[in-house]
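Worksheet: one structure, shown below.
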């Protein structure tokens, strides 16, 4: 095992992988650990629980922070590097903090043919943030441009967090949705 | 807390339902949000009749029935499902083999939204199909991989599985047949490539969704190193009707080598976009004009992508193509996932092409050189052209890139990216040239690209 | 064999081979970037695509199996154009100036071959120069992922990983920080496989690619990895693993791969020295040799030959060890000749020798791949024998059951099916309890026990006192875990057992080995593939050194006096009787009976337990001749003549690894300064001692041929047969014999039956009490080696501290000690200082001292306990107390 030397003063971080953001939370709750153990038991190899465990981590940690990934590695006794690589592959694991309502707009071809691009512009305008910028100042919104959500016949499609799925979203409907969010009618991100 | 969806079933068109001419086999009851329960499925839709029938048959006979039906995989490649099942190795007196059935519900092909409807309205039909298929292949575990965004559908499917288990349709010794089966739902996390079957296996195993080198093929070494068959949700949902009506009867639907019904997902510039479960072999223009109501914008339809975003585009000359696997292939495209995307004449093909290539570049796993570098290169060139910075040489480079990518990649994603790229450039080259020379779109109308974000 | 057509020429290829293997075997060079024969085909770079008749699309040769009648075309215009196209895709993002600066990398050669200019940018932020051995310039990365795959598939680690996807996919070490901050074990495999130099050895970055590669054997642990020493005009540049080596299969660990810096260390002594008036003085070789000979002759004259002790070096070659014992016995007339096996695996050799007749590993490392179960006892191979550890790790990761018996939670323990953690010094009750379960539950191999053993009844009776519950209380382990392990070992065959110093360096060392041999006998785990009892030998040639006769009670071949003395005397003349071992020599020195020592490559003062007593004894010597590379602690304190030795890189001969494998060692460079090989020095000394005529050798081969005459087990091991990879494993009685990888297949050298012997447990005298509440265990770390003589003179010191005390956080909290704080460890016998490393890998109350450092000098605290049969000291159990250092 490595017995670490005290760090040298010169810092030379290796780009392009900037250090992953940390979160306040460092450990899973006891219930989450139980849940992960139960999921791992369903598969012939505990590694298969990596994706489900990362979903749980995102719920508990608020986003897929470095700490969340480390906690997954620890919970499943698998190498951290494996978890980092997996988390980076899948877009639903948010590697940065997101707003209470994460607005995901599909702009792929079918939605684009029904105004997906314009919807994205309006969402950004209303939320006051650009895609990938992280949460808005009030912490309420974040925006992501996503690929096909399988609502091609009823686009444009807007997904709020991971459980609200709206189709035929025009300006009026967008306003309704955002108002409902503000009124707290929708479940907040990771709550 | 219960999952809320704002999904509005009324807004879909579910064509052909109940009509004698186009019988619905997989979308029975679609549109009714209460249709998904076990009670409704058993009382109204002959639910689990086929399963009971199958469990009394020899497993090999079930596979034979599916072979007789002639059904071809609905995921994209169109490989005969019964034949695929028969590749699974059998137990020998010396060796008992663990086999898996894996259901591909990673619906992500742009323009495709059929599996979602099956999961929404007919999850029990999928479960019943899983039981029959698992029994035929003697697999005792079935993994259903569903894309992560379909969280509410995953929860619904899990409830349906519980209902089936409570009735003794899942678990140990199903209905006294001696056959055991567990269905485990595995949630994806946002990666189109996981729809590729070996990438899906990696994702199921908790790895990056990178496609695997073949051979070994999944039937020899699939999930967790064991023989595995991977079928699309729609293919498996077709299995109960096949067993119920008999393979020979099913084979009468559609055309000779393209039997049965499939769900066409129609989107874009038509009056009635939606899901159309139709026998294979109906002409495209008939579907578009007679069923989907023709152009929604009043403009002429310029191009149709006939089989999901990966399919080479059809221009007017090919609109009469019968919509079955072979005819579409003979016309230079592919029937793929059944996603039919309709583009009217005000749609800029450069924009459409860039949007699609951006998708493939974004979804490339990055593993093999031609796909990783090639898709990125195509996207950069198209981006230049779209922004009025392209040159005519760029068009030649684009044309030279597709043969370096298509057919040369580890999985089919390279081919998928080249499908639209090559065909759009060939059939609508004038629009690309116009973009280069006039630094603007050949047509004015729809703006397909958002002016926000990193683009 | 299948027949295929390669570009129209019919060729045969073995079934199951890949097309790429077939192409390469027939000299057809298809380019590859992502391929490495050590790994699964990746099929990712697509450069190896070839056209196969009847196939619609070209196929990747690396992933396509050969098939009968296949017709393959490899270099058509279309294919070559396509390959160029692929290179162009990569060159687009590749920094333009790099290929010309550093042309000798496969990708740069491809750029040149296909005439493709690189046109990408170079940015400084992608440079990581933190690691002492590996320079990272990720501007050069072409995403072939070979580093990722080799890290996982060969090293069993996940340091390198792919992050992101599509064009943004890239490889990163650790958690995206610097490589040095990651848990990298610095095996260098990623640099070996990297085709661009994105990851490369600093040595090659600074000095260029070596011009000459000399095949040799690693000079660190007893695994015996074959390597290639890269040199340029007499400068030692780099080391790489030998790809075709059966032992290490193209892989090395941090020590073997990078630990070469000591060879040119500034403080290497390269001229002979004599101590005059207390000070060292450089002299000529003649003066030094004369002085050495004079000392030895003077003492012999005045006090008799038994007043001289000779220590052979386990770092030197077999030939040198052989001549060392011959010089002692023939030249000086003393039987007092020993080596460092005394302080490590003497009990293994003695125990195995007593029970089975051969004091060496019964099986080979290759048996790990054939085993259904591996049991690791008192060993931490992923750190101390990394190549062996890796094989076990790979099997365990793939689901093979693994039993680990170790007080510490080692890397393998984390992967173990059962991990038994006995308190240090309680092996006997635990091993006996395992046997108790196996016997009482009827799980033993009845036919094997009946046919090939004797003494079972008496042994069975002796086991009864160690029911699992009683052993559990003594050892501090769970009785059910004992049962689980026993059942697993007995019922999962074949089972490969390996042991380390956790068994031998105890006051019950020999009995511990005997108890383990009993377990193998009970379960029939001897004489068949995938089984056996296998001590993991610590030094490159410690097996060889003892086997060559640097053993006071044994002659050449570790053969008993009575069996082979006639043969030896016929060749050498009358021999002295058996003499004193190292520990007895120290006792004798303390009592004035031993007056002079001749010590080859062995820092005995630093490495022998109870250092204060060692010092008191050695201080009484009239003189000591030290042959070494460096002024060791022994030489500094007690040497009177220093003879500078050549290193492994500078001499010829053979080493013998821990699986009885004799392999060739070759000189890559000339000895530094005036240093000479031990062999030269021995011949010179022999001349001066008046026995020059008995030491007429013209080469190491000459010496070896004499060994072959005296020890039939190596009679067939001729030098010319050692030219192929892996050398030969003895017994190999004649030149047609293929060598023996598994001993005792049908009979034992002791006879048809091996003897069970009752074993009694004699507890250690080291007990904890209020004043000394901790039980100190000691051992090694991955990055450093034994006395540290070599590794502390390499940049391994930048990777980790060498003076570390592993301490459980609970103990640390109670003591108020912080991580990395320096503490004092005191026993009844002495004290040392070390940096506390807080880790729950050690249990509360059981700190673990890493012993490499002369600064720490852990052996000052070790006590006088010894294994009564072999005198191996008790390094693994000492009652101590720990104090914070007083602040200045």
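Residue numbers (our numbering), protein chains in the order written: chain A, 1 to 191; chain B, 192 to 646; chain C, 647 to 1534. Note that beta-carbon positions come from the ideal geometry of N, C-alpha and C, so glycine has one too.
**Length of the line joining the Cα atoms of residue 846/C and residue 1370/C** = Roughly 29 Å separates the two Cα atoms.
**Residue of 33/A, 39/A, 95/A and 88/A minimising C-alpha distance to residue 21/A** = Ranked by Cα distance from residue 21/A, the first of 33/A, 39/A, 95/A and 88/A is 95/A.
**Request:** Confirm, please, whether the CB-CB distance from residue 54/A to residue 30/A is below 7 Å.
**Result:** No, they are not a contact pair.
**Prompt:** Hey, residue 625/C and residue 1341/C: beta-carbon distance below 7 Å or not?
**Reply:** In the structure displayed, chain C extends from 647 to 1534; residue 625/C sits before or after that span and is not available.
**Neighbourhood of residue 1136/C by C-beta, 7 Å cutoff - its chain only, sequence neighbours within 5 removed** = Result list for residue 1136/C: 1084, 1089, 1090 and 1169, in chain order.
**Message:** Given a cut-off of 7 Å on the beta-carbon distance, is the pair residue 245/B and residue 253/B in contact?
**Reply:** In contact: residue 245/B and residue 253/B (Cβ atoms closer than 7 Å).
**Request:** Closer than 7 Å, Cβ to Cβ, to anything on chain B: give me those residues from the region 852-877 of chain C, in chain order.
**Result:** Those residues of the region 852-877 of chain C that come within reach of chain B (Cβ to Cβ, closer than 7 Å) do not exist; the list is empty.
**Prompt:** Would you report the Cα separation of residue 1109/C and residue 1147/C, rounded to the nearest angstrom?
**Reply:** If you take the alpha carbons of residue 1109/C and residue 1147/C, they lie about 24 Å apart.
**Item:** residue 776/C Cβ short of 6 Å to the ligand FMN heavy atom set
**Value:** Summarising the ligand content, the structure contains no ligands, and the ligand FMN is consequently not present.
**Message:** Whole angstroms are fine: how far does the CA of residue 167/A sit from the CA of residue 197/B?
**Reply:** In this predicted model, residue 197/B has a pLDDT of only 44, less than 50, meaning its place in the structure is not dependable enough to derive any value.
**Message:** For residue 327/B and residue 430/B, what's the separation of their Cα atoms in angstroms?
**Reply:** Distance between the alpha carbons of residue 327/B and residue 430/B: 11 Å.
**Message:** Relative to the C-alpha of residue 599/B, which candidate in 1529/C, 690/C, 1037/C and 1441/C has its C-alpha closest?
**Reply:** Among 1529/C, 690/C, 1037/C and 1441/C, the Cα nearest to that of residue 599/B is on 690/C.
**Item:** Span separating the alpha-carbon of residue 182/A from that of residue 173/A
**Value:** Rounded to the nearest angstrom, the gap between the Cα atoms of residue 182/A and residue 173/A is 14 Å.
**Asked** Can you give the beta carbon distance from residue 672/C to residue 652/C, rounded, assuming they're within the 8 Å contact cut?
**Response** By a beta-carbon distance limit of 8 Å, residue 672/C contacts residue 652/C. Their separation comes to about 6 Å.
**Prompt:** At a Cβ threshold of 7 Å, is residue 732/C touching chain B?
**Reply:** Output row for residue 732/C: interface = yes.
**Asked** Alpha carbon to alpha carbon, how far is residue 1/A from residue 1427/C?
**Response** At residue 1/A the pLDDT is 41, less than 50, meaning the model places this residue with poor confidence and gives no usable figure here.
**Asked** Where do the N-terminal and C-terminal ends of the alpha helix (DSSP H) with residue 38/A fall, by residue?
**Response** From DSSP, the alpha helix (DSSP H) with residue 38/A extends over 30-40.
**Prompt:** With contact counted as at least three CB pairs below 8 Å, one residue from each stretch, are the region 797-808 of chain C and the region 1031-1046 of chain C in contact?
**Reply:** The region 797-808 of chain C vs the region 1031-1046 of chain C: in contact.
**Asked** Looking at the unbroken beta strand (DSSP E) that takes in residue 884/C, where does it start and where does it end?
**Response** If you look at residue 884/C, you'll find it in the beta strand (DSSP E) that goes 881-887.
**Request:** Could you work out which residue in 818/C, 1379/C and 795/C is closest to residue 782/C when comparing CA atoms only?
**Result:** Nearest C-alpha to residue 782/C: 818/C.
**Prompt:** With 7 Å set as the bound, which would you pick, yes or no: does the beta-carbon of residue 1410/C sit closer than that to a beta-carbon of chain B?
**Reply:** Not closer than 7 Å to any Cβ of chain B, the Cβ of residue 1410/C fails to qualify, so no.
**Asked** Taking 7 Å as the CB-CB limit, is residue 552/B close to chain C?
**Response** Under the Cβ distance rule, residue 552/B counts among the residues neighbouring chain C, one pair being separated by less than 7 Å.
**Prompt:** Rounded C-beta distance between residue 1514/C and residue 1259/C? I'm assuming under 8 Å.
**Reply:** Not really, about 18 Å apart at Cβ, beyond 8 Å.
**Request:** Apply the 10 Å Cβ neighbour rule to residue 601/B and answer buried if 16 or more other Cβ atoms are within range, or exposed otherwise.
**Result:** Around the Cβ of residue 601/B, a 10 Å sphere holds 16 or more other Cβ atoms; the residue is buried.
**Whole-angstrom distance between residue 996/C and residue 640/C, CA atom to CA atom** = Not covered by the structure: residue 640/C. The range shown for chain C is 647 to 1534.
**Request:** Sort 349/B, 399/B, 274/B and 543/B by Cα distance to residue 555/B and report the nearest one.
**Result:** With distances taken between Cα atoms, residue 555/B lies closest to 399/B.
**Item:** C-alpha distance - residue 611/B paired with residue 604/B, whole-angstrom precision
**Value:** Annotation: residue 611/B to residue 604/B spans about 12 Å, alpha carbon to alpha carbon.
**Request:** Leaving aside the five residues before and after residue 171/A along the sequence, list all residues of the same chain whose C-beta is less than 7 Å from its C-beta, in chain order.
**Result:** Once the five neighbours on either side are set aside, the close Cβ partners of residue 171/A are 122.
**Cutoff 7 Å: residue 1241/C Cβ touching any chain A Cβ** = Answer no: the Cβ-Cβ gap between residue 1241/C and chain A never drops below 7 Å.
**Request:** Work out the CA separation of residue 1429/C and residue 1355/C for me, nearest whole Å.
**Result:** Taking the straight line from one Cα to the other gives about 40 Å.
**Item:** Every unbroken alpha helix (DSSP H) inside the region 1132-1162 of chain C [4 residues or more]
**Value:** Taking 4 residues as the shortest admissible run, the region 1132-1162 of chain C contains the following complete alpha helix (DSSP H) segments, listed from N- to C-terminal end: 1147-1150.
**Prompt:** What's the call for residue 1390/C, buried or exposed, on a 16-neighbour Cβ count within 10 Å?
**Reply:** It counts as buried.
**Item:** Delimiting residues of the beta strand (DSSP E) encompassing residue 955/C
**Value:** That run of the beta strand (DSSP E) goes 954-957.
**Asked** Does any CB atom of chain C fall closer than 7 Å to the CB of residue 82/A?
**Response** So yes, residue 82/A belongs to the interface.
**Prompt:** What number of angstroms, rounded off, separates the C-alpha of residue 113/A from the C-alpha of residue 261/B?
**Reply:** Cα to Cα, the separation comes out at about 35 Å.
**Request:** Assign residue 389/B to buried or exposed, taking buried as 16 or more other Cβ atoms, counted over all protein chains shown, within 10 Å of its Cβ.
**Result:** Under this definition residue 389/B is a buried residue.
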